[in-house]
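A.B. asks:
There are 2 protein chains.
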Amino acid sequence: MTTKPIILVSNDDGITHKGLRVLVESIASFAEPIVVAPNKPQSAMGHAITIHYPITINKSHLFGSIEAYECSGTPADCIKVAKKHILKEREALMVVSGVNHGSNTAVSVLYSGTMSAAIEGALEGLPAIGFSLDNHGAEADFSHIVDYIQRITLQVMNNGLPKGVALNVNFPNRQTEPIKGIRIARQANAYWSDSFVERETPAGRPYLWLSGEFINNDHGEDTDEWALQHNYISIVPCMYDLTAHHAMALLNSWTF
Amino acid sequence: MTTKPIILVSNDDGITHKGLRVLVESIASFAEPIVVAPNKPQSAMGHAITIHYPITINKSHLFGSIEAYECSGTPADCIKVAKKHILKEREALMVVSGVNHGSNTAVSVLYSGTMSAAIEGALEGLPAIGFSLDNHGAEADFSHIVDYIQRITLQVMNNGLPKGVALNVNFPNRQTEPIKGIRIARQANAYWSDSFVERETPAGRPYLWLSGEFINNDHGEDTDEWALQHNYISIVPCMYDLTAHHAMALLNSWTF
Chain A
0 MTTKPIILVS NDDGITHKGL RVLVESIASF AEPIVVAPNK PQSAMGHAIT
50 IHYPITINKS HLFGSIEAYE CSGTPADCIK VAKKHILKER EALMVVSGVN
100 HGSNTAVSVL YSGTMSAAIE GALEGLPAIG FSLDNHGAEA DFSHIVDYIQ
150 RITLQVMNNG LPKGVALNVN FPNRQTEPIK GIRIARQANA YWSDSFVERE
200 TPAGRPYLWL SGEFINNDHG EDTDEWALQH NYISIVPCMY DLTAHHAMAL
250 LNSWTF
Chain B
0 MTTKPIILVS NDDGITHKGL RVLVESIASF AEPIVVAPNK PQSAMGHAIT
50 IHYPITINKS HLFGSIEAYE CSGTPADCIK VAKKHILKER EALMVVSGVN
100 HGSNTAVSVL YSGTMSAAIE GALEGLPAIG FSLDNHGAEA DFSHIVDYIQ
150 RITLQVMNNG LPKGVALNVN FPNRQTEPIK GIRIARQANA YWSDSFVERE
200 TPAGRPYLWL SGEFINNDHG EDTDEWALQH NYISIVPCMY DLTAHHAMAL
250 LNSWTF
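Protein chains in written order, with numbering that gives the first Met the number 0: chain A, 0 to 255; chain B, 0 to 255.
#1: So, with DSSP's three-state summary, where would you put B:Asp76?
#2: Just the Cα atoms here: how many angstroms apart are B:Asp306 and A:Glu119?
#3: Suppose you measure from the CA of B:Lys79 to the CA of B:Ala116; what does that come to, to the nearest Å?
#4: For A:Ala187, count neighbouring C-beta atoms within 10 Å of its own C-beta (all shown protein chains included) and say buried if the count is 16 or more, exposed if not.
#5: Would you report the Cα separation of A:Gln228 and B:Asn99, rounded to the nearest angstrom?
#6: What residues in the stretch 181-192 of chain B bring their beta carbon closer than 8 Å to a beta carbon of chain A?
#7: So, at 6 Å on beta carbons, what are the nonlocal neighbours of B:Asn57 in its own chain, with the 5 sequence-adjacent residues on each side left out?
#8: Which residues in chain B sit within 8 Å of A:Leu209, going by Cβ to Cβ distance?
#9: Indicate whether the contact test is met: 3 or more Cβ pairs, each with one atom in the stretch 160-180 of chain A and one in the stretch 199-207 of chain A, closer than 8 Å.
#10: Between the Cα of B:Glu176 and the Cα atoms of B:Tyr190, B:Ala189, B:Asn230, which residue gives the shortest distance?
#11: Which word fits A:Ile214, buried or exposed, when buried means at least 16 other C-beta atoms lie within 10 angstroms of its C-beta?
#12: Is there at least one non-hydrogen atom of the ligand SAM closer than 7 Å to the beta-carbon of A:Ile151?
#13: In chain order, which beta strand (DSSP E) runs of at least 3 residues are fully inside the stretch 142-183 of chain A?
#14: At which residue ranges does the stretch 23-69 of chain B contain complete beta strand (DSSP E) runs of 3 or more residues, listed in the order of the chain?
#15: Smallest Cα separation from B:Glu260: which of B:Ala246, B:Ile48, B:Thr242, B:Tyr190?
#16: Taking the C-alpha atoms as reference points, what is the distance between B:Phe255 and A:Ala139?
#17: Beta carbon of B:Pro32, beta carbon of B:Ile6: below 8 Å?
#18: List, in order along the chain, the chain B residues whose C-beta lies closer than 9 Å to that of A:Phe195?
#19: Since A:Phe130 sits in a beta bridge, which residues does DSSP pair it with?
#20: Is it the case that the Cβ atoms of A:Asn251 and B:Ile183 are separated by a distance below 8 Å?
#21: Anyone know if the C-beta pair for A:Ser194 and A:Ser210 falls short of 8 Å?
#22: Helix, strand or coil for B:Val106, going by three-state DSSP, please let me know.
#23: Going straight from the alpha carbon of B:Asp12 to that of B:Pro40, what length do you get?
#24: Given a limit of 8 Å on CB to CB distance, which residues of the stretch 132-151 of chain A reach chain B?
#25: What are the boundary residues of the alpha helix (DSSP H) that B:Leu250 is part of?
#26: Return yes when the Cβ of A:Val23 is within less than 8 Å of the Cβ of A:Val8, no when it is not.
#27: Just checking: is the beta-carbon of A:Gln154 within a distance shorter than 8 Å of some beta-carbon in chain B?
#28: Hey, how far is the Cα of A:Gly159 from the Cα of B:Ala246?
#29: Are the stretch 86-99 of chain B and the stretch 121-131 of chain B touching by the rule of at least three beta carbon pairs closer than 8 Å?
#30: Out of A:Thr55, A:Ile48, A:Pro4, which one is the CA nearest neighbour of B:Thr200?
#31: Expressed to the nearest angstrom, what Euclidean distance is found between the alpha-carbon atoms of B:Ile14 and A:Ser25?
#32: Any residues in the stretch 16-49 of chain B with a beta carbon nearer than 7 Å to a beta carbon of chain A? Which ones, in chain order?
#33: Using the Cα positions of A:Lys87 and B:Pro4, report the straight-line distance between them to the nearest angstrom.
#34: Report the option in A:Thr2, A:Gly18, A:Asn216, A:Tyr110 whose CA atom is closest to the CA atom of A:Leu134.
#35: Note down, in chain order, each residue of its chain lying with its Cβ closer than 7 Å to the Cβ of B:Val108, except the 5 sequence neighbours on either side.
#36: What's the C-alpha gap between A:Thr242 and B:Ser28?
Below, the structure written as structure tokens:
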């Protein structure tokens with residue numbers, strides 16, 4: 000019996016979602032996936048972690064002989080639980096997260112639970128990748144991206160990543176033409192223009208529901224959004240050092 | 000009656016916390032605070048937003064004549080609600096968040112709800128500051144920082160900030176010596192070494208509770224942690240572009 004390297008797998012849509020299954024099955028030929036995924040949808044959870052409440056985990060049989068757990072916590076919690084509680088003395092080689100049902104380009108990386116699992120992996124010192132498909136549907140077609148998931152994961156398995164870097168990979172939705180290729184991209188300067196739908200509960204109390212429109216005023220052809228809109232896969236290397244070094248000289252000129 | 004500029008105020012500890020009151024009272028002499036803060040603790044919520052559930056807001060009378068609302072959402076939600084639902088045609092000049100009970104140095108910026116409110120402000124195109132005090136106590140002493148809150152807020156009010164930048168300001172806990180001054184700093188390369196406390200519910204079911212130890216192996220004297228530990232105020236300019244530009248050349252050399 001050959002020992003395949005352990006890859007931790009999580010997502011934010013929840014353990015029952017198709018994208019997670021696609022990811023697990025894509026890497027199982029060359030890795031031993033260990034799945035720790037939320038027991039409920041955790042989309043848009045950003046880098047939330049659970050500190051005020053307990054976390055529960057339960058063994059899951061959804062993936063047959065593959066070791067899997069459902070976790071009451073956030074995606075970032077799942078990686079912490081996997082690394083510190085489930086693996087114990089076993090070593091994981093890397094972290095993969097997704098495949099998210101829906102793209103995570105531009106500032107969505109901040110809100111994305113998928114990417115928070117990947118960035119938590121990077122914080123734990125592991126190479127990490129978050130995968131997202133530009134299709135929100137529960138029954139989205141992932142068949143055109145399996146080969147790319149394998150190639151990108153193998154590259155990172157073999158080469159590692161610079162310390163503190165996680166990859167944000169976005170796949171175009173299936174189109175008539177095959178995917179044109181891969182673009183290493185920067186995060187587009189695009190944003191969500193929010194609005195709130197106002198309604199009333201059956202008892203007549205008002206509530207709000209967040210809605211919004213994605214606005215891209217970034218005309219660069221080197222962005223993740225450009226790549227995705229032109230049927231390329233975008234790969235943005237992301238880091239967790241948020242320091243805006245370019246603003247330090249200005250602040251140092253202020254007299255407080 | 001002179002019109003003072005509107006400053007949106009939020010936090011993550013919740014609307015009843017002392018740090019929020021300190022912040023509101025600190026700026027009320029030169030600004031019109033409008034408070035939209037969580038109706039329950041939202042620490043460590045990262046940049047979570049509420050998309051799967053409705054959000055409710057209620058007018059709060061906790062701040063007397065100052066306009067205030069408690070909101071069922073996350074800190075990032077609070078800023079969205081404030082900007083898009085409460086202000087409507089009124090214009091806010093900036094966003095301030097905090098004062099957090101507990102420091103938010105190093106990677107804590109990723110987990111911090113306080114900073115997510117500030118970064119959401121930056122995403123909305125507003126200059127924004129997150130304030131944190133290195134004391135977790137509910138009755139923490141904020142009296143030594145009021146003057147600094149005012150000076151830092153006034154600087155940003157008068158000068159603005161580069162687009163996409165929010166300030167992460169950490170104050171040392173009150174010490175025998177007065178604060179030594181302000182340091183413009185970078186995010187320390189320090190992290191939380193997590194562990195989980197394992198216990199059982201009264202019914203005998205196992206649960207985990209996240210614990211951890213803060214580890215700082217960053218010996219730089221230009222970090223937020225160094226400043227805080229040496230009785231300086233740290234100001235880290237933060238940005239929401241996570242692109243690791245330094246890793247792009249490497250990735251472009253890979254053949255997928």
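Note that beta-carbon positions come from the ideal geometry of N, C-alpha and C, so glycine has one too. All values reported here derive from a predicted model rather than from experimental measurement.
C.D. replies: For this structure:
#1: helix
#2: Any property of residue 306 of chain B remains undetermined from this structure, which presents chain B solely from 0 to 255.
#3: 9 Å
#4: buried
#5: 41 Å
#6: Ile181, Ile183, Arg185, Gln186, Asn188, Tyr190
#7: Glu69
#8: Ile48, Thr49, Ile50, Ile54, Asp76, Lys79
#9: no
#10: B:Asn230
#11: exposed
#12: Here there are no bound small molecules, and the ligand SAM is not part of this structure.
#13: 164-170, 180-183
#14: 31-37, 56-58
#15: This structure cannot settle anything about residue 260 of chain B, because the visible part of chain B is limited to 0 through 255.
#16: 24 Å
#17: yes
#18: Ile54, Lys79, Val80, Lys83, His84
#19: A:Val168
#20: yes
#21: yes
#22: coil
#23: 5 Å
#24: Tyr147, Arg150, Ile151
#25: 247-251
#26: yes
#27: yes
#28: 12 Å
#29: yes
#30: A:Thr55
#31: 46 Å
#32: Pro40, Ser42, Ala43, Met44, Gly45, His46, Ala47, Ile48, Thr49
#33: 54 Å
#34: The amino acid occupying residue 134 of chain A in the given sequence is Asn; Leu does not appear at that position. Answer by Cα proximity: A:Gly18.
#35: Met114, Asn167, Gln186, Cys237
#36: 31 Å
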